[in-house]
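K.L.:
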């Protein structure tokens, strides 16, 4: 974190290595088309990452608690769509991750003043979001309203993430990329063989980077 990328507490470090193993196994399952293994590893990834964050930070302020809440909603988004009719899956996915982004926004908002150190990176992120909107609007149909609402919320999270820690900012940018691919794939704009692999790689790396940055900022606050 502040003095290294990995958690300092043994339990948190062990859990983070478990998460890294889950990430690797999940991506392998995507490549070899092993849906049961992919489903299992995705279902337990966010709880493991949440436990790592909980274990790493002993004094848990709003930054940590709301980040844990965001991971909880992300876990629901990973899990619940599998149990509903196909036509409802994308809406439920968006709903769960909308709540996750709102939780992250609440967690990150107190650090908005620190965005001055990374403001040059905000311009390409906003430009990328603009390109995404232009690309998806003609195909969105009845989903236009919900997708725009989610997109604006996602953009707010991405922009605020850089104020917490550079790693959190990287995680926010990866989250934007992952969700952009999900949207374009769902609307039939992009469709390539490894799209699910790339979506999950960017998503799992995004959550890991966010957690590492949050833990670093929270630990620095403990020492202040």
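Residue numbers (the working numbering): 151 to 374.
Every residue gets a Cβ at the ideal spot worked out from N, C-alpha and C, and that includes glycine.
Specify whether the segment 166-178 and the segment 193-212 touch according to this definition: at least 3 beta carbon pairs, one from each stretch, less than 8 angstroms apart.
P.N.:
yes
K.L.:
Measuring only the C-alpha atoms, how far is residue 337 from residue 290?
P.N.:
7 angstroms
K.L.:
Around the Cβ of residue 157, are there at least 16 other Cβ atoms within 10 angstroms (buried) or fewer (exposed)?
P.N.:
buried
K.L.:
Would residue 333 and residue 286 qualify as a contact pair, given that the criterion is a beta-carbon distance under 7 angstroms?
P.N.:
In contact: residue 333 and residue 286 (Cβ atoms closer than 7 angstroms).
K.L.:
Would residue 273 and residue 321 qualify as a contact pair, given that the criterion is a beta-carbon distance under 7 angstroms?
P.N.:
Going by C-beta atoms, residue 273 is not nearer than 7 angstroms to residue 321.
K.L.:
Candidates 329, 164 and 262: which alpha carbon is nearest residue 316's?
P.N.:
262
K.L.:
Which residue wins for smallest C-alpha separation from residue 366, given the options 318, 190 and 268?
P.N.:
When each option's Cα is compared against that of residue 366, the closest is 318.
K.L.:
Taking residue 324 and residue 356 to be in contact with their CB atoms under 8 angstroms, please state how far apart those CB atoms are, rounded to whole angstroms.
P.N.:
4 angstroms
K.L.:
Is the segment 205-224 close to the segment 183-194, with three or more CB pairs under 8 angstroms?
P.N.:
no
K.L.:
Sorted by chain position, which residues of the same chain lie with C-beta nearer than 6 angstroms to residue 189's C-beta, five sequence neighbours on each side aside?
P.N.:
none
K.L.:
Whose C-alpha, out of 176, 164 and 160, is nearest the C-alpha of residue 348?
P.N.:
176
K.L.:
Taking 6 angstroms as the limit between beta carbons, can you name the residues of its chain near residue 219, skipping five residues before and five after?
P.N.:
253
K.L.:
Given that a residue counts as buried once 16 or more other Cβ atoms are within 10 Å of its Cβ, and exposed if not, what is residue 232?
P.N.:
exposed
K.L.:
What are the boundary residues of the alpha helix (DSSP H) that residue 328 is part of?
P.N.:
316-336
K.L.:
Would you check if the distance between the CB atom of residue 216 and the CB atom of residue 250 is smaller than 7 angstroms?
P.N.:
Contact: no.
K.L.:
Considering only residues of the same chain and omitting the five flanking positions on each side of residue 335, which have a CB-CB separation below 6 angstroms?
P.N.:
For residue 335, the CB contacts under 6 angstroms within the same chain, skipping 5 residues up- and downstream, are 345 in chain order.
K.L.:
For residue 294, I'd like the list of residues in its chain whose CB is within less than 8 angstroms of its CB, leaving aside the five on either flank, ordered along the chain.
P.N.:
287
K.L.:
Within the same chain, show all residues whose beta-carbon is closer than 7 angstroms to that of residue 328, passing over the 5 residues directly before and after it, in chain order.
P.N.:
The answer, listed in chain order, is 349, 352, 353 and 356.
K.L.:
From residue 326 to residue 308, what distance separates their C-alpha atoms?
P.N.:
7 angstroms
K.L.:
Do residue 265 and residue 313 have their C-beta atoms within less than 7 angstroms of each other?
P.N.:
yes
K.L.:
Leaving aside the five residues before and after residue 257 along the sequence, list all residues of the same chain whose C-beta is less than 6 angstroms from its C-beta, in chain order.
P.N.:
Taking C-beta separations shorter than 6 angstroms and ignoring five residues to either side along the sequence, the partners of residue 257 in its chain run 213, 216 and 217, following chain order.
K.L.:
Mind checking whether residue 255 and residue 306 have CB atoms under 7 angstroms apart?
P.N.:
Taking 7 angstroms as the Cβ cut-off, residue 255 and residue 306 qualify as a contacting pair.
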